[in-house]
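Protein chains in written order, with my numbering: chain A, 37 to 465; chain B, -8 to 322.
A virtual CB, placed ideally from N, CA and C, is assigned to each residue, including glycine.
Owing to the predicted nature of the structure, the values given are computational and were not obtained by experimental measurement.
Remarks on the structure that follows.
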Amino acid sequence: MMELEQKSASPTFFKKHQESFYKSLEDKHTTLEFEDSDDPLNSRMVLNMGPSHPATHGVLRLLLQLNGETIEKAKLDLGYLHRGVEKIAENKTYQEFMPYTDRMDYLSPYSNNVALCLAVEKLADVEVPERAQYIRMIGAELARISAHLLWLGTMVMDSGAISFFIWTFREREKIYDIMDQLAGHRFTVSHARIGGVANDITDDAMALIKEFVQTFPKELKGFHSMLDRNRIFVDRNVDVGVVSTEKAIDLGATGPILRGSGYAYDIRRFEPYLKYDEMDFEIPTRLEGDNLARYYVRMEEMHESIRILRQCLDRLPKGPIRANDAKQAYPSKDEVYYSMEGMIHDFMMTDTGICPPEGAEVYHAVEAPKGELGYFIQSDGTGHPWRLKVNAPSFRNLQVLEHSLEGASISDTVLIIGSIDPVMGEADK
Amino acid sequence: MTPYIVLGVSVALLVSSAAIAVYAERRIAGAIQNRYGPNRVGPLGLFQPVADVIKLILKEDITPSAGYRFLHTIAPIIPVATAIMTVAVIPFGDGLYVSNMNASVLYLLAIASLGVYGITIAGWASNSKYSLLGGLRASAQMISYELPLGMAVASCLLFAGSLNVLDVAASQETWWNIIRNPLGGIIFIISAFAESKRTPFDLVEAEQELVGGFHTEYSSMKFGMFFLAEYMHVVINSMLITTFFFGSYHLPFAALWLPELSEPLKMALDVSVFLAKTSFFVFFFIWVRWTIGRFTFKQVMDLGWSRLLPLSILNFVIIASVLYFLEHALS
């Protein structure tokens, strides 16, 4: 007791943090106790990987206990990018919080916007016009392709082939251009609005999307032909980072990790939101549960996204793009500039925002590129959420990491992290 | 007098070729990746290597406080020194060589083995776990690939009947060794990639896994020396591939069709043929690096010990017995 007090008195915060991690590394499996007498040659060592490391995709920190190059135990340390987003939300109106969601999974901002909007709309019972729903689907599917392209580039780069990264970025650039035309921003789009979307698809954006839908499958075929039969890539990924179906469900994996482990769960199909119930698409699933399975799942998801995009473009109805109710959604700019009521409504929406009924609470999840992205919101009847909690897919998928790293080698580590595809902005919130 | 001129020219060439190779690598990488590469310093960015060197020299030189200062300092010198020592026995043309050593092939193999010391010592002296892993990988990899490399070279010696590199070069006037001994040539190229630690065998400095591998803790010109050594080894290995398997300074089937030339003309032709072939292989090294991925340690060991080594021994035995049989059948 005395010792503890002395420790806390001196500035040893980081040391304690460090020690507790080393301790947890030893505690994790009591059956695999680390004893010096076992290891007369002293061949084991603890390697600290991250938070600043070229392959940890942001600020992920790993502690690896190595025997030679084989990982005996792995321990994960999260929280280096914690920004308190959920707490910030309590002091923002629902609409004001949207730009923060852009910065959570910053690789697919559109999906996050849509996820927040859908949760708030469910909470406040807002009816969204059909055209807005289709535009949201187009944006979300483009975001999925964009996120998967980044995963593809970084994962192949992690396996040492650097040029591939640039090639996938050439395709991502096209999506950025589309987002620029569609939402007015390339990266953090904030295009969705509660009750609809910010603006209609412009002709330029439409032309770009149609061109992308035309050309992208060819590029995707090129990526397939470059990797599917590439001995180095396949040998490095097959049977690496295996997660069994049961283990994936137990650990709470979602999205491509879960589907790569043989569990065909996709929220777009099982709890359809927007207009996904009218769409015709497959759920790519693989049974192996290794890196290669996740590779195929994500590659095929890009195919399916293109299919959904085509159907959306064919069926895109005409009509308003925001709910026509001043208590629920922003009025159109025409109204704001040319009528007094419109202007008052605009002020009210910005100042107070939408006020869901008191005591209402809701959980709504969407299928983001990384998996199930859910928003849990409790309302106290004001314009600010009483409590907002994000169920982030990256955080859940990272739970798989400790399990799948054990027994792998150091060179597999980067590929396993790459195939799990965490975004630390989202995992640490 | 000629050896001294060749020595001066070839060492100057080697040092500057490393700078040119760095520039070429960045431009070719740019071309492969749909971008420009360095094009701002001087015409076409040609002075970029100069700017790089100035930057490296002006940077602060850091030795890890828990590192072993003496070894940390001498480690970067070793690979550069061994790379420069190699040119002593390479023939650049008919009669254009630095020294006519009797067993120069053995000298080459010995020098190639020395280079790994620099990397292993660097890995150990930095007192960093990432460096240590890089250094250990390097030593394991170099030892594994020296054997197939040596066997591939030995299969060339059977045709030359001599341990002298000059004789190996001269023996290819009509038939290049890659035609007489294609398997040996492929094994030699693969092993040369492994020896120069380039993709797909660059796990020694695998950026994504080991940050910088053995040179993680190096900065300033000490790092520059490693950088220089890497590109020198690319050039040297291209020269060795050319010398042992691609006819050295000979044009294809030169003995059959090339007319007698005056000496200066012959010299100019020899040197330019040799340099052209070397440049092609330097390009080949760069091309491969920016195209394919990296093996894991296990795969490298597997390829070296259970595929290349048995194959190279088999290749050697088959060539030896065929040559023996031919000689006896003829006599």
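Cα-Cα separation, residue i to residue j
{"i": "K406/A", "j": "D239/A", "result": "30 Å"}
{"i": "H221/A", "j": "G355/A", "result": "24 Å"}
{"i": "N273/A", "j": "L328/A", "result": "5 Å"}
{"i": "D387/A", "j": "T129/A", "result": "8 Å"}
{"i": "L317/B", "j": "M262/A", "result": "45 Å"}
{"i": "R180/A", "j": "L242/B", "result": "55 Å"}
{"i": "P250/B", "j": "G258/A", "result": "49 Å"}
{"i": "F70/A", "j": "Q101/A", "result": "Annotation note: pLDDT 45 at F70/A (below 50); position unreliable, no value reported."}
{"i": "N118/B", "j": "A57/B", "result": "6 Å"}
{"i": "T(-7)/B", "j": "S253/B", "result": "17 Å"}
{"i": "I323/B", "j": "S104/B", "result": "In the structure as shown, chain B starts at -8 and stops at 322, and residue 323/B therefore has no counterpart that could be examined."}
{"i": "W296/B", "j": "F286/B", "result": "15 Å"}
{"i": "K123/A", "j": "Y373/A", "result": "35 Å"}
{"i": "L424/A", "j": "R346/A", "result": "35 Å"}
{"i": "R167/A", "j": "P87/A", "result": "44 Å"}
{"i": "P82/B", "j": "G106/B", "result": "21 Å"}
{"i": "A396/A", "j": "W422/A", "result": "10 Å"}
{"i": "L300/B", "j": "F237/B", "result": "22 Å"}
{"i": "C391/A", "j": "A160/A", "result": "7 Å"}
{"i": "A323/B", "j": "G141/B", "result": "Only positions -8 to 322 of chain B appear in the structure, and residue 323/B is not among them; the question remains open."}
{"i": "V291/B", "j": "Q131/A", "result": "54 Å"}
{"i": "E186/B", "j": "Y136/B", "result": "7 Å"}
{"i": "T64/B", "j": "V6/B", "result": "20 Å"}
Per DSSP, the bridge partner or partners of residue i
{"i": "E403/A", "result": "E408/A"}
{"i": "S455/A", "result": "Answer is none; S455/A lacks a bridge partner."}
{"i": "Q15/A", "result": "The question about residue 15/A has no answer, for chain A in this structure spans 37 to 465."}
{"i": "I107/A", "result": "L102/A"}
{"i": "L349/A", "result": "Looking at the DSSP assignment, L349/A forms no beta bridge with any residue, so it has no partner."}
{"i": "A228/A", "result": "V233/A"}
{"i": "R358/A", "result": "G232/A"}
Close beta carbons around residue i, own chain, < 6 Å, minus the five adjacent residues each side
{"i": "N306/B", "result": "S146, L174 and G175"}
{"i": "A113/B", "result": "A66 and F205"}
{"i": "R17/B", "result": "G28 and P29"}
{"i": "E462/A", "result": "M140, D141, A428 and S430"}
{"i": "R322/A", "result": "G296, A329, Y332 and V333"}
{"i": "S162/B", "result": "F150 and A151"}
Sequence-distant residues of the same chain with beta carbon closer than 8 Å to residue i, five excluded per side
{"i": "T165/B", "result": "F244, A245, A246 and L247"}
{"i": "L451/A", "result": "M191, D194, S195, R272, N273, V276, G277 and N327"}
{"i": "I102/B", "result": "T73, M76 and T77"}
{"i": "V2/B", "result": "I75 and V78"}
{"i": "V202/B", "result": "Y121"}
{"i": "P135/A", "result": "T224 and S226"}
{"i": "P253/A", "result": "H339 and I342"}
{"i": "A300/A", "result": "I319 and T321"}
{"i": "E126/A", "result": "H420, P421, W422, R423 and L424"}
Boundaries of the beta strand (DSSP E) in which residue i is found, first to last residue
{"i": "N84/A", "result": "R80 to M85"}
{"i": "V426/A", "result": "P421 to N427"}
{"i": "N103/A", "result": "R97 to N103"}
Same chain, Cβ closer than 7 Å to residue i, five either side skipped, listed in chain order
{"i": "M258/B", "result": "G84 and L87"}
{"i": "F61/B", "result": "none"}
Where the alpha helix (DSSP H) containing residue i begins and where it ends
{"i": "R272/A", "result": "R267 to N273"}
{"i": "E254/B", "result": "E254 to R280"}
{"i": "K369/A", "result": "K369 to Y374"}
{"i": "K123/A", "result": "V121 to A125"}
{"i": "I202/A", "result": "S199 to A219"}
{"i": "A10/B", "result": "T(-7) to I23"}
{"i": "M193/A", "result": "E166 to D194"}
{"i": "V313/B", "result": "L300 to L321"}
{"i": "G115/A", "result": "Segment: none, G115/A is in no alpha helix (DSSP H) and carries neither H nor E."}
{"i": "T77/B", "result": "I68 to T77"}
{"i": "G215/B", "result": "S211 to F236"}
{"i": "M262/A", "result": "D239 to L263"}
{"i": "E137/B", "result": "K120 to A151"}
{"i": "V184/B", "result": "As written in the sequence, residue 184/B is Phe, which differs from the Val given in the question. It spans P173 to E186 - the alpha helix (DSSP H) in which F184/B sits, taken as one unbroken run."}
{"i": "C153/A", "result": "P145 to A160"}
{"i": "Q364/A", "result": "First-last for Q364/A: undefined, no H or E at that position."}
Would you check if the region 408 to 425 of chain A and the region 434 to 449 of chain A touch, i.e. whether three or more CB-CB distances between them fall below 8 Å? Cβ pair count under 8 Å is below three, so no.
Touching by the beta-carbon criterion (3+ pairs, under 8 Å), the region 79 to 92 of chain A and the region 181 to 193 of chain B: no
Three CB pairs or more closer than 8 Å across the region 389 to 405 of chain A and the region 151 to 158 of chain A: Flag = yes, the region 389 to 405 of chain A and the region 151 to 158 of chain A touch.
Any 3 or more C-beta pairs closer than 8 Å across the region 170 to 186 of chain A and the region 8 to 26 of chain B: no
I'd like to know if the region 307 to 316 of chain A and the region 362 to 370 of chain A are in contact, where contact means that at least 3 CB-CB pairs between them fall below 8 Å. no
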